[in-house]
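One structure is given below, encoded as C-alpha coordinates.
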Amino acid sequence: MSAGREIVVWTLVVALGALATLQVRRFNSAFAVSKPYSQPRGGPNVAELVARARIGSSSLGPETQRALSLATRLTGAAPAPAIARKADYVAPRTVDKALVIASISAPNGAARALRAAMEKHAPRAPRAATALAALTAATGSMRASSGEISAYGELAPTWFSDRRLTILQLGDSHTAADFFSGRVRERLQQAFGEGGDAFLAPGKPHVGVRSALFSTDTAGDWSYEALQRNSDDRKRLHLSGFTAVARHAASTMTLTARNGRVYDHADVSFLKQPGGGKAQVLLDGASAGEVDLDGAAGAEVTFDARPRVGQGFRELQVRTLDGDPVAVTGVEVGREGDGVSYLSIGYPGATVQLLQRLDSGNFAVDIRRLEPDIIVLAFGTNEGFNDNLDLAGYVQQYEQIVRRLQAIRPGLKIVMVGPADAARPAGGCHAAGVGQRCTPSGEVQTASIESSGNCRLPIPPKLNAVREAQRKLAGKLGAAFWDWSTVQGGVCGAQAWAAANPPLMAHDYVHMTLEGYKQSADRFADFLIPLIEGRPAATHVVSNN
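Residue numbers (this note's numbering): -5 to 539.
Here is the structure:
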(Lines of atoms letter the chains of each structure in order from A and count residues from 1; the text may use other names and numbers.)
(Lines give C-alpha, C1' and ligand atoms only; values in the text may rest on other atoms or scores of the structure.)
Protein backbone atom coordinates (compact mmCIF):
# COMPACT_ATOMS: atom_id res chain seq x y z
CA MET A 1 0.00 0.00 0.00
CA SER A 2 1.40 3.44 -0.92
CA ALA A 3 2.11 5.95 1.82
CA GLY A 4 -0.57 8.32 0.55
CA ARG A 5 -3.23 5.64 0.34
CA GLU A 6 -2.27 4.35 3.77
CA ILE A 7 -2.78 7.78 5.30
CA VAL A 8 -6.23 8.00 3.68
CA VAL A 9 -7.21 4.56 5.01
CA TRP A 10 -6.13 5.42 8.52
CA THR A 11 -7.91 8.74 8.31
CA LEU A 12 -11.05 6.69 7.83
CA VAL A 13 -10.06 4.61 10.84
CA VAL A 14 -9.87 7.77 12.88
CA ALA A 15 -13.42 8.54 11.72
CA LEU A 16 -14.67 5.40 13.42
CA GLY A 17 -12.71 6.25 16.51
CA ALA A 18 -14.26 9.69 16.58
CA LEU A 19 -17.70 8.10 16.56
CA ALA A 20 -16.66 5.76 19.36
CA THR A 21 -15.43 8.51 21.61
CA LEU A 22 -18.23 10.96 20.85
CA GLN A 23 -20.72 8.28 21.88
CA VAL A 24 -19.07 7.79 25.26
CA ARG A 25 -20.85 10.72 26.98
CA ARG A 26 -23.23 13.41 25.83
CA PHE A 27 -22.54 17.01 26.72
CA ASN A 28 -24.33 18.74 29.58
CA SER A 29 -27.46 20.80 29.17
CA ALA A 30 -25.36 23.80 28.09
CA PHE A 31 -23.88 21.87 25.17
CA ALA A 32 -24.80 24.55 22.63
CA VAL A 33 -22.50 27.08 24.26
CA SER A 34 -19.15 27.45 22.50
CA LYS A 35 -17.11 26.81 25.59
CA PRO A 36 -13.53 25.63 24.96
CA TYR A 37 -11.94 22.99 27.11
CA SER A 38 -8.31 22.05 27.64
CA GLN A 39 -6.53 19.01 26.23
CA PRO A 40 -3.35 17.51 27.64
CA ARG A 41 -0.01 18.31 26.04
CA GLY A 42 2.76 15.96 25.04
CA GLY A 43 3.19 12.85 22.95
CA PRO A 44 2.19 12.17 19.34
CA ASN A 45 -1.22 13.35 18.20
CA VAL A 46 -4.12 11.02 17.42
CA ALA A 47 -3.53 10.97 13.67
CA GLU A 48 0.06 9.85 14.19
CA LEU A 49 -0.88 7.06 16.58
CA VAL A 50 -3.59 5.72 14.28
CA ALA A 51 -1.36 5.92 11.24
CA ARG A 52 1.25 3.82 13.08
CA ALA A 53 -1.27 1.09 13.96
CA ARG A 54 -1.65 -1.96 11.73
CA ILE A 55 -4.68 -4.20 11.40
CA GLY A 56 -3.94 -7.59 12.93
CA SER A 57 -0.99 -6.32 14.91
CA SER A 58 -0.30 -8.55 17.88
CA SER A 59 0.19 -5.46 20.03
CA LEU A 60 -3.47 -4.53 19.73
CA GLY A 61 -6.23 -6.17 21.75
CA PRO A 62 -8.99 -8.14 19.95
CA GLU A 63 -11.59 -5.40 20.40
CA THR A 64 -9.24 -2.79 18.94
CA GLN A 65 -8.32 -5.07 16.04
CA ARG A 66 -11.98 -5.66 15.26
CA ALA A 67 -12.82 -1.97 15.34
CA LEU A 68 -9.86 -1.07 13.13
CA SER A 69 -10.72 -3.81 10.65
CA LEU A 70 -14.33 -2.73 10.39
CA ALA A 71 -13.28 0.89 9.97
CA THR A 72 -12.28 0.17 6.39
CA ARG A 73 -16.01 0.02 5.60
CA LEU A 74 -16.06 3.82 5.81
CA THR A 75 -14.56 4.10 2.32
CA GLY A 76 -17.53 6.19 1.18
CA ALA A 77 -16.57 9.06 3.46
CA ALA A 78 -14.40 11.78 1.97
CA PRO A 79 -10.89 11.89 3.47
CA ALA A 80 -9.71 14.87 5.45
CA PRO A 81 -7.14 16.51 3.14
CA ALA A 82 -5.36 18.44 5.88
CA ILE A 83 -4.64 15.27 7.83
CA ALA A 84 -3.70 13.34 4.71
CA ARG A 85 -1.16 15.99 3.82
CA LYS A 86 0.28 16.46 7.27
CA ALA A 87 -0.15 13.69 9.83
CA ASP A 88 1.91 15.53 12.44
CA TYR A 89 -0.38 18.56 12.43
CA VAL A 90 -0.36 20.32 15.82
CA ALA A 91 -3.37 22.44 16.78
CA PRO A 92 -4.39 24.71 19.62
CA ARG A 93 -5.20 23.24 23.01
CA THR A 94 -8.95 23.86 22.80
CA VAL A 95 -11.85 22.29 20.90
CA ASP A 96 -15.14 24.06 20.24
CA LYS A 97 -17.99 21.86 21.55
CA ALA A 98 -20.64 23.45 19.37
CA LEU A 99 -18.50 22.95 16.27
CA VAL A 100 -18.08 19.25 16.99
CA ILE A 101 -21.79 18.72 17.70
CA ALA A 102 -22.91 20.61 14.61
CA SER A 103 -20.75 18.34 12.46
CA ILE A 104 -22.51 15.13 13.53
CA SER A 105 -25.27 13.84 11.26
CA ALA A 106 -26.09 10.65 9.36
CA PRO A 107 -24.87 9.02 7.25
CA ASN A 108 -21.25 10.27 7.38
CA GLY A 109 -21.40 12.07 10.69
CA ALA A 110 -18.32 10.34 12.06
CA ALA A 111 -16.14 11.56 9.20
CA ARG A 112 -17.46 15.11 9.49
CA ALA A 113 -16.98 15.08 13.24
CA LEU A 114 -13.40 13.98 12.77
CA ARG A 115 -12.64 16.73 10.28
CA ALA A 116 -14.26 19.39 12.47
CA ALA A 117 -12.39 18.24 15.55
CA MET A 118 -8.97 17.63 13.99
CA GLU A 119 -8.55 19.82 10.92
CA LYS A 120 -9.37 23.02 12.81
CA HIS A 121 -8.83 22.11 16.44
CA ALA A 122 -6.84 18.89 16.45
CA PRO A 123 -5.63 18.30 20.01
CA ARG A 124 -2.54 16.46 21.06
CA ALA A 125 -3.06 13.22 22.95
CA PRO A 126 -0.81 11.63 25.56
CA ARG A 127 1.17 8.57 24.59
CA ALA A 128 -0.98 5.47 24.43
CA ALA A 129 -0.45 1.80 23.61
CA THR A 130 -3.19 1.59 20.99
CA ALA A 131 -4.95 3.82 18.52
CA LEU A 132 -8.28 3.53 20.31
CA ALA A 133 -6.65 4.40 23.61
CA ALA A 134 -5.26 7.53 21.98
CA LEU A 135 -8.67 8.44 20.63
CA THR A 136 -10.14 7.92 24.07
CA ALA A 137 -7.56 10.22 25.62
CA ALA A 138 -8.02 12.86 22.95
CA THR A 139 -11.67 13.39 23.87
CA GLY A 140 -11.46 12.40 27.51
CA SER A 141 -12.98 15.58 28.85
CA MET A 142 -16.13 14.92 26.84
CA ARG A 143 -16.85 12.12 29.31
CA ALA A 144 -16.97 14.34 32.34
CA SER A 145 -20.52 15.49 31.65
CA SER A 146 -23.69 13.74 32.68
CA GLY A 147 -24.90 12.10 29.48
CA GLU A 148 -24.21 10.72 26.03
CA ILE A 149 -24.53 11.78 22.43
CA SER A 150 -25.59 9.46 19.62
CA ALA A 151 -24.21 9.04 16.13
CA TYR A 152 -27.14 11.10 14.84
CA GLY A 153 -26.55 14.03 17.17
CA GLU A 154 -29.44 13.13 19.51
CA LEU A 155 -29.04 13.65 23.22
CA ALA A 156 -29.68 10.40 25.05
CA PRO A 157 -29.68 9.39 28.74
CA THR A 158 -26.87 7.42 30.34
CA TRP A 159 -29.39 4.79 31.33
CA PHE A 160 -27.28 1.81 30.29
CA SER A 161 -23.81 3.32 30.22
CA ASP A 162 -20.75 1.30 31.20
CA ARG A 163 -22.23 -2.08 30.33
CA ARG A 164 -23.41 -3.96 27.30
CA LEU A 165 -26.84 -3.55 25.75
CA THR A 166 -29.21 -6.48 26.32
CA ILE A 167 -32.29 -7.05 24.17
CA LEU A 168 -34.83 -9.72 25.09
CA GLN A 169 -37.32 -10.92 22.49
CA LEU A 170 -40.41 -12.77 23.73
CA GLY A 171 -42.74 -14.24 21.14
CA ASP A 172 -44.58 -17.15 19.59
CA SER A 173 -43.29 -19.86 17.23
CA HIS A 174 -41.58 -17.30 14.97
CA THR A 175 -39.34 -16.53 17.94
CA ALA A 176 -39.09 -20.07 19.33
CA ALA A 177 -37.37 -21.37 16.19
CA ASP A 178 -34.72 -18.61 16.44
CA PHE A 179 -34.44 -18.21 12.68
CA PHE A 180 -35.87 -14.68 12.69
CA SER A 181 -34.38 -13.62 16.03
CA GLY A 182 -31.11 -15.39 15.23
CA ARG A 183 -30.65 -13.30 12.11
CA VAL A 184 -31.54 -10.11 13.99
CA ARG A 185 -28.92 -11.06 16.58
CA GLU A 186 -26.35 -11.59 13.84
CA ARG A 187 -27.06 -8.22 12.20
CA LEU A 188 -26.96 -6.23 15.44
CA GLN A 189 -23.77 -7.90 16.58
CA GLN A 190 -22.16 -7.16 13.23
CA ALA A 191 -23.00 -3.51 13.80
CA PHE A 192 -22.30 -3.15 17.50
CA GLY A 193 -20.19 -6.10 18.63
CA GLU A 194 -21.05 -9.43 20.25
CA GLY A 195 -22.36 -9.09 23.77
CA GLY A 196 -21.93 -12.82 24.23
CA ASP A 197 -24.95 -13.87 26.31
CA ALA A 198 -27.56 -16.51 25.45
CA PHE A 199 -30.64 -17.84 27.20
CA LEU A 200 -31.63 -21.43 26.45
CA ALA A 201 -34.70 -23.52 27.15
CA PRO A 202 -33.84 -26.73 29.04
CA GLY A 203 -33.44 -29.84 26.90
CA LYS A 204 -35.71 -30.46 23.91
CA PRO A 205 -39.16 -29.52 25.20
CA HIS A 206 -40.92 -28.96 21.87
CA VAL A 207 -40.17 -29.62 18.23
CA GLY A 208 -40.45 -25.90 17.45
CA VAL A 209 -37.99 -24.75 20.13
CA ARG A 210 -34.36 -24.35 19.06
CA SER A 211 -31.40 -22.03 19.48
CA ALA A 212 -29.30 -20.54 16.71
CA LEU A 213 -26.36 -20.46 19.13
CA PHE A 214 -26.49 -23.94 20.71
CA SER A 215 -27.55 -27.42 19.65
CA THR A 216 -29.18 -29.57 22.32
CA ASP A 217 -29.17 -33.31 22.87
CA THR A 218 -30.63 -35.39 25.68
CA ALA A 219 -30.18 -38.97 26.82
CA GLY A 220 -32.10 -40.91 29.43
CA ASP A 221 -35.43 -40.13 30.99
CA TRP A 222 -36.57 -36.51 30.55
CA SER A 223 -40.13 -35.21 30.71
CA TYR A 224 -41.31 -31.63 30.31
CA GLU A 225 -43.70 -29.36 32.14
CA ALA A 226 -45.00 -26.50 29.99
CA LEU A 227 -46.51 -23.13 30.78
CA GLN A 228 -49.23 -23.68 28.19
CA ARG A 229 -50.62 -26.74 29.98
CA ASN A 230 -53.31 -25.82 32.46
CA SER A 231 -52.46 -28.74 34.75
CA ASP A 232 -48.90 -27.58 35.45
CA ASP A 233 -47.97 -25.82 38.70
CA ARG A 234 -47.06 -22.30 37.60
CA LYS A 235 -44.63 -21.86 40.48
CA ARG A 236 -42.51 -24.59 38.90
CA LEU A 237 -42.23 -22.66 35.64
CA HIS A 238 -40.00 -19.71 34.80
CA LEU A 239 -39.44 -17.44 31.81
CA SER A 240 -38.28 -20.24 29.49
CA GLY A 241 -41.81 -21.63 29.70
CA PHE A 242 -40.56 -25.18 30.26
CA THR A 243 -39.15 -27.28 33.09
CA ALA A 244 -37.20 -30.44 32.17
CA VAL A 245 -37.42 -33.24 34.75
CA ALA A 246 -35.33 -36.43 34.95
CA ARG A 247 -36.02 -39.27 37.37
CA HIS A 248 -33.25 -41.72 36.56
CA ALA A 249 -29.52 -41.68 37.22
CA ALA A 250 -27.13 -40.88 34.35
CA SER A 251 -29.71 -38.90 32.37
CA THR A 252 -27.90 -36.16 30.47
CA MET A 253 -28.72 -32.84 28.83
CA THR A 254 -25.95 -31.58 26.53
CA LEU A 255 -25.75 -28.11 25.00
CA THR A 256 -23.05 -27.57 22.37
CA ALA A 257 -22.08 -24.18 20.96
CA ARG A 258 -22.58 -23.90 17.23
CA ASN A 259 -19.72 -22.68 15.02
CA GLY A 260 -17.15 -23.49 17.70
CA ARG A 261 -17.88 -20.40 19.78
CA VAL A 262 -16.23 -20.33 23.20
CA TYR A 263 -17.99 -19.15 26.38
CA ASP A 264 -16.57 -18.41 29.80
CA HIS A 265 -19.45 -18.84 32.26
CA ALA A 266 -22.87 -20.44 32.61
CA ASP A 267 -25.77 -20.32 35.05
CA VAL A 268 -27.94 -23.45 35.22
CA SER A 269 -31.24 -22.94 37.04
CA PHE A 270 -32.69 -25.88 38.97
CA LEU A 271 -35.77 -26.38 41.17
CA LYS A 272 -35.47 -27.78 44.65
CA GLN A 273 -38.16 -30.07 46.05
CA PRO A 274 -38.53 -32.50 48.96
CA GLY A 275 -36.56 -35.59 48.04
CA GLY A 276 -34.90 -33.86 45.10
CA GLY A 277 -31.91 -35.52 43.50
CA LYS A 278 -28.31 -34.57 42.84
CA ALA A 279 -26.88 -33.31 39.58
CA GLN A 280 -23.46 -32.58 38.16
CA VAL A 281 -22.59 -29.80 35.71
CA LEU A 282 -19.74 -30.43 33.28
CA LEU A 283 -17.93 -28.01 30.97
CA ASP A 284 -16.19 -29.68 28.03
CA GLY A 285 -16.37 -32.95 29.97
CA ALA A 286 -14.75 -31.61 33.14
CA SER A 287 -16.83 -31.34 36.30
CA ALA A 288 -17.68 -27.80 37.38
CA GLY A 289 -19.36 -29.06 40.54
CA GLU A 290 -22.48 -30.71 41.92
CA VAL A 291 -25.80 -29.46 43.26
CA ASP A 292 -28.15 -31.03 45.79
CA LEU A 293 -31.80 -30.33 44.98
CA ASP A 294 -33.40 -31.63 48.17
CA GLY A 295 -35.23 -28.69 49.74
CA ALA A 296 -38.38 -26.58 49.86
CA ALA A 297 -40.83 -27.17 47.02
CA GLY A 298 -40.47 -24.73 44.12
CA ALA A 299 -37.33 -23.00 45.41
CA GLU A 300 -35.07 -22.13 42.50
CA VAL A 301 -31.31 -22.45 42.80
CA THR A 302 -28.85 -21.19 40.19
CA PHE A 303 -25.58 -23.06 39.76
CA ASP A 304 -22.72 -20.85 38.58
CA ALA A 305 -20.46 -22.95 36.36
CA ARG A 306 -17.06 -21.63 35.27
CA PRO A 307 -14.11 -23.31 33.60
CA ARG A 308 -10.56 -23.05 34.89
CA VAL A 309 -9.00 -19.61 34.84
CA GLY A 310 -7.97 -18.63 31.34
CA GLN A 311 -10.04 -21.35 29.67
CA GLY A 312 -13.38 -21.31 27.90
CA PHE A 313 -15.87 -24.02 27.04
CA ARG A 314 -17.96 -25.09 24.06
CA GLU A 315 -20.08 -27.79 25.65
CA LEU A 316 -22.20 -27.76 28.81
CA GLN A 317 -23.75 -30.91 30.22
CA VAL A 318 -26.13 -31.59 33.09
CA ARG A 319 -25.91 -35.16 34.41
CA THR A 320 -28.15 -36.70 37.07
CA LEU A 321 -26.31 -38.61 39.81
CA ASP A 322 -29.17 -40.62 41.29
CA GLY A 323 -32.76 -41.66 40.67
CA ASP A 324 -34.38 -38.78 42.53
CA PRO A 325 -36.03 -36.01 40.49
CA VAL A 326 -33.83 -33.32 38.96
CA ALA A 327 -35.67 -30.31 37.46
CA VAL A 328 -33.98 -27.75 35.17
CA THR A 329 -35.78 -24.49 34.31
CA GLY A 330 -33.27 -22.77 32.04
CA VAL A 331 -29.65 -22.19 31.11
CA GLU A 332 -27.81 -18.90 30.63
CA VAL A 333 -24.38 -18.84 29.03
CA GLY A 334 -22.12 -15.88 28.50
CA ARG A 335 -18.72 -14.56 27.63
CA GLU A 336 -16.91 -11.29 28.11
CA GLY A 337 -17.29 -8.74 25.37
CA ASP A 338 -18.88 -5.41 24.57
CA GLY A 339 -21.82 -4.85 22.26
CA VAL A 340 -25.29 -6.35 21.99
CA SER A 341 -26.64 -9.47 23.65
CA TYR A 342 -29.84 -10.54 21.90
CA LEU A 343 -31.76 -13.09 23.96
CA SER A 344 -34.83 -14.81 22.52
CA ILE A 345 -37.50 -16.90 24.23
CA GLY A 346 -40.40 -18.26 22.22
CA TYR A 347 -43.49 -20.32 22.99
CA PRO A 348 -44.97 -22.24 20.02
CA GLY A 349 -48.66 -21.49 19.54
CA ALA A 350 -48.66 -18.75 22.18
CA THR A 351 -50.45 -15.43 22.43
CA VAL A 352 -49.15 -12.51 24.43
CA GLN A 353 -51.59 -13.43 27.22
CA LEU A 354 -49.36 -16.42 28.00
CA LEU A 355 -47.05 -14.06 29.88
CA GLN A 356 -49.84 -13.46 32.37
CA ARG A 357 -49.75 -17.15 33.27
CA LEU A 358 -46.24 -16.82 34.64
CA ASP A 359 -46.06 -16.64 38.41
CA SER A 360 -45.57 -12.94 39.18
CA GLY A 361 -42.64 -13.59 41.51
CA ASN A 362 -40.83 -15.87 39.07
CA PHE A 363 -41.47 -13.44 36.23
CA ALA A 364 -40.00 -10.49 38.13
CA VAL A 365 -36.95 -12.45 39.30
CA ASP A 366 -36.16 -13.65 35.77
CA ILE A 367 -36.56 -10.23 34.15
CA ARG A 368 -34.36 -8.58 36.76
CA ARG A 369 -31.71 -11.27 36.40
CA LEU A 370 -31.53 -10.92 32.60
CA GLU A 371 -31.53 -7.09 32.92
CA PRO A 372 -32.90 -6.31 29.44
CA ASP A 373 -32.60 -2.74 28.22
CA ILE A 374 -35.10 -3.39 25.42
CA ILE A 375 -37.87 -6.01 25.32
CA VAL A 376 -39.30 -7.00 21.95
CA LEU A 377 -42.82 -8.46 22.12
CA ALA A 378 -43.41 -10.46 18.93
CA PHE A 379 -46.94 -11.82 19.28
CA GLY A 380 -50.13 -11.51 17.26
CA THR A 381 -50.29 -14.33 14.71
CA ASN A 382 -52.17 -16.75 16.95
CA GLU A 383 -54.45 -13.99 18.21
CA GLY A 384 -55.23 -13.09 14.61
CA PHE A 385 -56.27 -16.67 13.83
CA ASN A 386 -58.80 -16.61 16.68
CA ASP A 387 -62.03 -15.55 14.97
CA ASN A 388 -63.73 -15.16 18.37
CA LEU A 389 -61.06 -12.88 19.84
CA ASP A 390 -62.42 -10.08 22.04
CA LEU A 391 -60.27 -7.20 20.75
CA ALA A 392 -61.09 -4.85 23.60
CA GLY A 393 -60.19 -7.46 26.19
CA TYR A 394 -57.05 -8.36 24.25
CA VAL A 395 -55.81 -4.76 24.21
CA GLN A 396 -56.49 -4.43 27.92
CA GLN A 397 -54.47 -7.57 28.70
CA TYR A 398 -51.61 -6.50 26.42
CA GLU A 399 -51.43 -3.13 28.17
CA GLN A 400 -51.33 -4.83 31.58
CA ILE A 401 -48.39 -6.97 30.45
CA VAL A 402 -46.42 -3.97 29.18
CA ARG A 403 -47.03 -1.98 32.34
CA ARG A 404 -46.03 -4.99 34.40
CA LEU A 405 -42.71 -5.17 32.56
CA GLN A 406 -42.16 -1.44 32.96
CA ALA A 407 -42.80 -1.70 36.69
CA ILE A 408 -40.21 -4.47 36.99
CA ARG A 409 -37.63 -2.54 34.92
CA PRO A 410 -38.25 1.23 35.16
CA GLY A 411 -37.10 2.97 31.98
CA LEU A 412 -37.40 -0.21 29.93
CA LYS A 413 -37.85 0.35 26.19
CA ILE A 414 -40.65 -1.75 24.66
CA VAL A 415 -40.78 -2.68 20.97
CA MET A 416 -44.00 -4.26 19.71
CA VAL A 417 -43.92 -6.35 16.54
CA GLY A 418 -47.17 -6.45 14.60
CA PRO A 419 -47.91 -9.89 13.09
CA ALA A 420 -46.79 -10.82 9.60
CA ASP A 421 -49.38 -11.39 6.93
CA ALA A 422 -50.73 -14.96 6.82
CA ALA A 423 -53.55 -16.98 5.28
CA ARG A 424 -55.64 -20.10 5.84
CA PRO A 425 -54.79 -22.65 3.16
CA ALA A 426 -56.90 -25.74 2.55
CA GLY A 427 -56.23 -28.93 0.63
CA GLY A 428 -54.18 -28.35 -2.48
CA CYS A 429 -53.50 -24.80 -1.41
CA HIS A 430 -50.76 -26.04 0.88
CA ALA A 431 -48.45 -26.00 -2.13
CA ALA A 432 -46.85 -22.72 -3.16
CA GLY A 433 -49.25 -20.94 -5.50
CA VAL A 434 -48.86 -18.99 -8.72
CA GLY A 435 -51.06 -16.63 -10.71
CA GLN A 436 -52.36 -14.75 -7.69
CA ARG A 437 -55.06 -12.10 -7.63
CA CYS A 438 -55.78 -10.21 -4.44
CA THR A 439 -59.45 -9.29 -3.98
CA PRO A 440 -60.78 -6.38 -1.88
CA SER A 441 -61.95 -8.84 0.77
CA GLY A 442 -58.39 -9.95 1.33
CA GLU A 443 -58.86 -13.35 -0.29
CA VAL A 444 -56.63 -14.63 -3.06
CA GLN A 445 -57.40 -16.87 -6.03
CA THR A 446 -54.36 -19.11 -6.40
CA ALA A 447 -53.72 -21.72 -9.08
CA SER A 448 -52.57 -24.74 -7.10
CA ILE A 449 -49.52 -26.71 -8.19
CA GLU A 450 -51.22 -29.89 -7.02
CA SER A 451 -54.26 -29.52 -9.29
CA SER A 452 -55.53 -27.51 -12.21
CA GLY A 453 -58.34 -25.97 -10.17
CA ASN A 454 -58.34 -22.86 -8.07
CA CYS A 455 -58.60 -22.54 -4.31
CA ARG A 456 -59.15 -19.71 -1.90
CA LEU A 457 -56.70 -18.60 0.77
CA PRO A 458 -58.61 -16.22 3.03
CA ILE A 459 -56.81 -13.97 5.48
CA PRO A 460 -58.08 -14.60 9.03
CA PRO A 461 -60.61 -11.82 9.75
CA LYS A 462 -58.99 -10.76 13.04
CA LEU A 463 -55.36 -10.66 11.84
CA ASN A 464 -55.36 -7.13 10.44
CA ALA A 465 -57.47 -5.95 13.38
CA VAL A 466 -54.93 -7.33 15.86
CA ARG A 467 -52.11 -5.55 14.06
CA GLU A 468 -53.91 -2.21 14.10
CA ALA A 469 -54.85 -2.64 17.75
CA GLN A 470 -51.18 -3.19 18.59
CA ARG A 471 -50.19 -0.11 16.60
CA LYS A 472 -52.59 2.09 18.53
CA LEU A 473 -51.58 0.59 21.87
CA ALA A 474 -47.91 1.20 21.13
CA GLY A 475 -48.69 4.86 20.50
CA LYS A 476 -50.58 5.09 23.78
CA LEU A 477 -47.77 3.47 25.77
CA GLY A 478 -44.88 5.25 24.07
CA ALA A 479 -43.57 1.95 22.70
CA ALA A 480 -41.93 1.49 19.32
CA PHE A 481 -44.01 -0.44 16.76
CA TRP A 482 -42.79 -2.43 13.75
CA ASP A 483 -45.29 -3.80 11.23
CA TRP A 484 -43.93 -7.13 9.97
CA SER A 485 -46.50 -7.30 7.15
CA THR A 486 -44.96 -4.28 5.40
CA VAL A 487 -41.94 -6.41 4.54
CA GLN A 488 -44.25 -8.75 2.62
CA GLY A 489 -46.00 -5.96 0.78
CA GLY A 490 -49.06 -5.64 3.02
CA VAL A 491 -52.38 -7.39 2.42
CA CYS A 492 -51.99 -10.71 0.57
CA GLY A 493 -48.27 -10.61 1.30
CA ALA A 494 -48.30 -14.22 2.48
CA GLN A 495 -49.60 -15.40 -0.88
CA ALA A 496 -47.10 -13.24 -2.74
CA TRP A 497 -44.25 -14.63 -0.67
CA ALA A 498 -45.44 -18.20 -1.18
CA ALA A 499 -45.31 -17.66 -4.95
CA ALA A 500 -41.86 -16.06 -4.88
CA ASN A 501 -38.87 -17.84 -6.41
CA PRO A 502 -37.39 -19.07 -4.18
CA PRO A 503 -40.45 -19.25 -1.90
CA LEU A 504 -40.35 -16.96 1.13
CA MET A 505 -43.45 -18.42 2.82
CA ALA A 506 -43.84 -21.99 4.07
CA HIS A 507 -46.64 -24.18 2.76
CA ASP A 508 -48.76 -23.46 5.82
CA TYR A 509 -48.91 -19.75 4.83
CA VAL A 510 -48.11 -18.85 8.45
CA HIS A 511 -44.42 -19.58 8.93
CA MET A 512 -41.63 -18.63 6.56
CA THR A 513 -38.77 -20.26 4.78
CA LEU A 514 -35.24 -19.54 5.96
CA GLU A 515 -34.90 -16.89 3.26
CA GLY A 516 -38.22 -15.34 4.29
CA TYR A 517 -37.11 -15.09 7.90
CA LYS A 518 -33.77 -13.66 6.80
CA GLN A 519 -35.35 -10.91 4.72
CA SER A 520 -37.78 -10.11 7.55
CA ALA A 521 -35.03 -10.02 10.15
CA ASP A 522 -32.85 -7.74 8.03
CA ARG A 523 -35.65 -5.18 7.85
CA PHE A 524 -36.33 -5.45 11.57
CA ALA A 525 -32.63 -4.97 12.32
CA ASP A 526 -32.71 -1.85 10.13
CA PHE A 527 -35.58 -0.66 12.33
CA LEU A 528 -33.76 -1.41 15.61
CA ILE A 529 -30.35 0.06 14.79
CA PRO A 530 -31.46 3.73 14.95
CA LEU A 531 -33.24 3.00 18.25
CA ILE A 532 -30.01 1.63 19.66
CA GLU A 533 -27.91 4.47 18.32
CA GLY A 534 -30.39 6.91 19.81
CA ARG A 535 -29.65 5.42 23.24
CA PRO A 536 -25.99 4.41 23.04
CA ALA A 537 -24.34 2.37 25.78
CA ALA A 538 -21.12 4.34 26.12
CA THR A 539 -18.11 2.62 24.54
CA HIS A 540 -19.82 -0.76 24.85
CA VAL A 541 -22.19 -0.17 21.94
CA VAL A 542 -20.61 1.68 19.04
CA SER A 543 -21.87 1.16 15.52
CA ASN A 544 -19.30 -0.34 13.18
CA ASN A 545 -21.36 0.55 10.12
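Glycine included, every Cβ here is placed at the ideal spot set by N, Cα and C.
Keep in mind that this is a model prediction, so the values were computed, not measured.
The count of Cβ pairs closer than 8 Å, one atom from the segment 337 to 347 and one from the segment 193 to 206, reaches three, so the stretches are in contact. In this structure, the straight-line span from the alpha carbon of Met499 to that of Pro196 is close to 29 Å. Inclusion of Gly333 and Gly187 in the CB contact set at 8 Å is warranted, their separation being smaller than that value. Residue Leu352 holds the alpha-carbon nearest to the alpha-carbon of Lys229 among Glu330, Leu352, Ala170. Rounded to whole angstroms, Glu462 and Gly235 show a C-alpha spacing of 28 Å. In the DSSP assignment, Lys272 falls within the unbroken beta strand (DSSP E) covering 272 to 277. Of all alpha-carbon atoms in Pro496, Trp491, Ala519, Gly374, the one lying nearest the alpha-carbon of Lys456 is that of Gly374.
When the five nearest sequence neighbours on each side are left out, the beta carbons in the same chain lying within less than 6 Å of the beta carbon of Gly289 are those of Lys266, in order along the chain. Judged by DSSP in its simplified three-state form, Gly483 adopts coil rather than helix or strand. In this model, Glu330 and Gly304 are separated by some 12 Å (Cα to Cα).
Listed in chain order, the non-local C-beta contacts of Ser217 below 7 Å within the same chain comprise Val239, local neighbours out to five positions each way being set aside. Residue environment: Ala401 is assigned as exposed (fewer than 16 neighbouring CB atoms within 10 Å of its CB, all protein chains considered). With the rule of 3 Cβ pairs closer than 8 Å, the segment 474 to 482 counts as touching the segment 402 to 417. Looking at the backbone, the Cα of Leu231 and that of Lys512 are separated by about 31 Å. 8 Å or more divides the Cβ of Leu337 from the Cβ of Leu371.
Here Val346 carries a helix assignment [DSSP, helix/strand/coil].
Straight through space, the alpha carbons of Val485 and Val460 are spaced by roughly 14 Å. Along the length of the segment 301 to 375, whole alpha helix (DSSP H) runs at least 4 residues long occupy 354 to 364, reported in chain order. Across the structure, Arg252 and Asn382 are spaced so that their CA atoms are roughly 42 Å apart. Spanning the alpha carbons of Ser335 and Tyr257 requires a straight line of approximately 13 Å. Of the candidates Asp367, Arg465, Leu287, the residue whose Cα lies closest to the Cα of Tyr392 is Arg465. The Cβ atoms of His242 and Gly328 lie no closer than 8 Å to each other. In the DSSP annotation of this structure, the continuous segment of the beta strand (DSSP E) that includes Asp286 starts and ends at 280 to 286.
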